[in-house]
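Line by line, the protein sequences give chains W and D.
Sequential numbering of the first sequence, starting at 1, is according to this note's numbering.
Sequential numbering of the second sequence, starting at 257, is according to this note's numbering.
Glycine residues also receive a C-beta, built at the ideal position from the N, C-alpha and C atoms.
Quick caveat: nothing in here was measured; it's all calculated off a predicted structure.
2 protein chains.
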Amino acid sequence: MIVKTVSNAFRIIEEISRRGELGVTEICQTLSLAKSSAHDLAETLLAEGVLEKNADTKRYSLGSRLIELGNRAQNQFDIVRLAHPFLLELSEKTEETVHLTVLDNDEVLYLDCVESRLRFRMTSIIGARCPLHCTGVGKAILAYLPETEQSRIIKEKGLHQYTKNTIHEESKMRDELRKIVKQGYAIDNMEHEDFLRCVSAPIFNFEGRVFASVSVSGLAERNTFKRLSSISKLVTETADNISRRLGYTGKPQPGH
Amino acid sequence: MIVKTVSNAFRIIEEISRRGELGVTEICQTLSLAKSSAHDLAETLLAEGVLEKNADTKRYSLGSRLIELGNRAQNQFDIVRLAHPFLLELSEKTEETVHLTVLDNDEVLYLDCVESRLRFRMTSIIGARCPLHCTGVGKAILAYLPETEQSRIIKEKGLHQYTKNTIHEESKMRDELRKIVKQGYAIDNMEHEDFLRCVSAPIFNFEGRVFASVSVSGLAERNTFKRLSSISKLVTETADNISRRLGYTGKPQPGH
DNA sequence: GAACAGAGTTCGTATATACGAACGTCAAAC
DNA sequence: GTTTGACGTTCGTATATACGAACTCTGTTC
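Here is the structure:
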């Protein structure tokens, strides 16, 4: 039995997290709630520290409690604790930014990041989601999923074109995924964002199922294909080491 | 009007975030809920992605949605976006780890961190909370609060002794706070954790009220008092720069 | 292998929540 | 300076939730 009260509370949090500060009226209109209900829910979330309230404008924004809980969640994901030292090492060796992502709801969720010293971080990418088909981390995972899963995800999510390089034809995507399995790593050649190239490799759990991936990314200018192919070895090594620490014993096998 | 349903949902999240994976029975016992209520709430949180459920053990743990929301919250705190470049610069110059904290519920909440390359991070401190009286970041804030607030906080929170260096007598704490105001920065000499020393300075908002602080911390061995006093200048400069970017115009003034 | 113990899940009813209307409150407009 | 309008807040009632008991499932004990 789903408790609608709780769902509505999270709909409010979600809406504020997307649009920033909101007042009671804006909340109840966009979510089709009674004004009084929106008010009571927001006040409860305020009391919980999940939202904050601007005393002047009486509008609500995200509160510090979420930072606290979000971080505890991140730390409870074993993969982050376990993988972080490997990410640090990879970033040291390549002098580029390294990401760790997991498969979550047919998307990649960014779990951890080690920044290259060369790039200022303005807002962290941790917690962000991206599609599978247009990112290195996503394609590395997609390639090793069972074919039925690949088909389902492509069918449901589509192959939205983000840049001129995005692979948006299903047949080409099939070729690409086969190529990835063959070489053991995926390359994102500005398929999601212009100017950005990355190499990524899949991480397998103890059952041999792909569920996460690691990547090295940087400016395309700096990261020629030649450089990427030399980096690819470090990336696959890192991913394999993490897989092994997770109890994976075999060789990466597609479709399991 | 507080909505108890929502509060209970967050009590469940909080409990799981503290104790890790829990089953329905453990939840309903520790929170004094009916088993059926705990079940319904947990299933709703599961559907929301806030919790995850181990299919074998049927126990619940924190979900990826919290990571997502937590990070959006962190990015929505203007101070983080604004201060981050300053933190990076401070970390570069000192080659030590730099933290940004805010005053929250009479504690310091760690909002951001730039790691020294010398130290592996296993679990991030971002999102953690610490008392004011035994940390550099806390004392830097406490010293600039109005005296009535200082007294209230000390009375309510006490001066719990974490290490042999923790200042746990109220009169000594008063002396310490006066000293901090006089020099403009606070030093934590292994008062919270052994082997760790840090220098911290307060950050003021446009009204001249202290609400955040920045610190440089590292191993006591490396950070002699002599080194700390030379670092202190960099820390206070950094804090002042951040304050100015926040619209603060005056000189740091205690008690306003 | 039956009985038991321990968990999670489902189901009918007393209490809490969601709703809509009415009420305050503030600021802009005239 | 009054009016207007938009917003947040409060209040009484129809619906949803919380409760406890009954049920199911799983694995363990005898």
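Among the residues of its own chain, which have a CB less than 7 Å from the CB of residue i, if the five just before and after it don't count?
i	result
E270 of chain D	none
F77 of chain W	L111
L490 of chain D	L346, K349, T350
Y185 of chain W	A140, V199, S200, A201, S232, V235, T236
L88 of chain W	V114
By Cβ distance below 6 Å, which residues in the same chain neighbour residue i in space, the five residues on each side in sequence not counted?
i	result
L359 of chain D	I397, F467
S471 of chain D	H355, G392, V393, C454, S456
G474 of chain D	E352
R385 of chain D	E363, L365
Taking only beta-carbon atoms, is residue i less than 8 Å away from chain W?
i	result
S499 of chain D	no
I382 of chain D	yes
G511 of chain D	With a pLDDT of only 46 at G511 of chain D, under the threshold of 50, the placement of this residue in the model should not be trusted; the figure read from the coordinates follows. Not an interface residue.
E304 of chain D	yes
I258 of chain D	yes
T513 of chain D	Nothing about residue 513 of chain D can be reported from this structure: the residues present for chain D run from 257 to 512 only.
L367 of chain D	yes
L318 of chain D	yes
T494 of chain D	no
Under the DSSP definition of a beta bridge, which residues are partnered with residue i?
i	result
T357 of chain D	D:Y366, D:S469
S317 of chain D	D:E308
L219 of chain W	W:L196
L22 of chain W	W:Y60
How would you write the range of the alpha helix (DSSP H) that residue i sits in, first residue to last?
i	result
R531 of chain D	Absent from the structure is residue 531 of chain D, since the part of chain D shown begins at 257 and ends at 512.
D188 of chain W	Looking at the DSSP string, D188 of chain W is not in any alpha helix (DSSP H); the run it does join, the beta strand (DSSP E), is 186-189.
E403 of chain D	403-413
K291 of chain D	291-304
A384 of chain D	Looking at the DSSP string, A384 of chain D is not in any alpha helix (DSSP H), and its letter there is neither H nor E.
I498 of chain D	481-501
H340 of chain D	334-350
G392 of chain D	392-399
Within its chain, find whatever has a CB closer than 8 Å to the CB of residue i; leave out the 5 residues flanking it on each side and keep chain order.
i	result
K82 of chain W	Note that residue 82 of chain W is Leu in the sequence shown, not Lys. Correct list, in chain order: I242, R245, L246.
I410 of chain D	H389, E426, M429
N165 of chain W	N189, M190, E191
Q439 of chain D	S488
Would you mind reading off the limits of the beta strand (DSSP E) that contains residue i?
i	result
V199 of chain W	196-204
I want to see whether chain D comes within less than 8 Å of residue i, judged by CB atoms only; does it?
i	result
L41 of chain W	yes
E193 of chain W	no
K58 of chain W	no
A257 of chain W	Outside the shown range of chain W, which is 1 to 256, sits residue 257 of chain W, and nothing can be said about it.
M122 of chain W	Since pLDDT at M122 of chain W reaches only 49, below the 50 mark, its modelled position is unreliable, and no value is offered.
D106 of chain W	no
A9 of chain W	yes
M173 of chain W	no
A38 of chain W	no
V98 of chain W	no
L31 of chain W	no
V6 of chain W	yes
L132 of chain W	no
T163 of chain W	no
L45 of chain W	yes
* Please list the residues of the stretch 64-95 of chain W that have a C-beta atom closer than 7 Å to any C-beta atom in chain D, keeping them in chain order. => S64, L66, I67, E68, L69, G70, N71, R72, A73, Q74, N75, Q76, R81, H84, P85, L88
**Residues of the stretch 268-285 of chain D whose Cβ lies closer than 7 Å to any Cβ of chain W, in chain order** = Result list: I269, S273, G276.
Between the stretch 177-211 of chain W and chain D, which residues of the former have a C-beta closer than 9 Å to a C-beta of the latter? none
Inset, instruction - Identify each residue in the stretch 146-159 of chain W for which the Cβ-Cβ distance to at least one residue of chain D is less than 8 Å, and report them in chain order. - result: Listed in chain order, the positions of the stretch 146-159 of chain W with a beta carbon within less than 8 Å of a beta carbon of chain D would be empty, since no residue qualifies.
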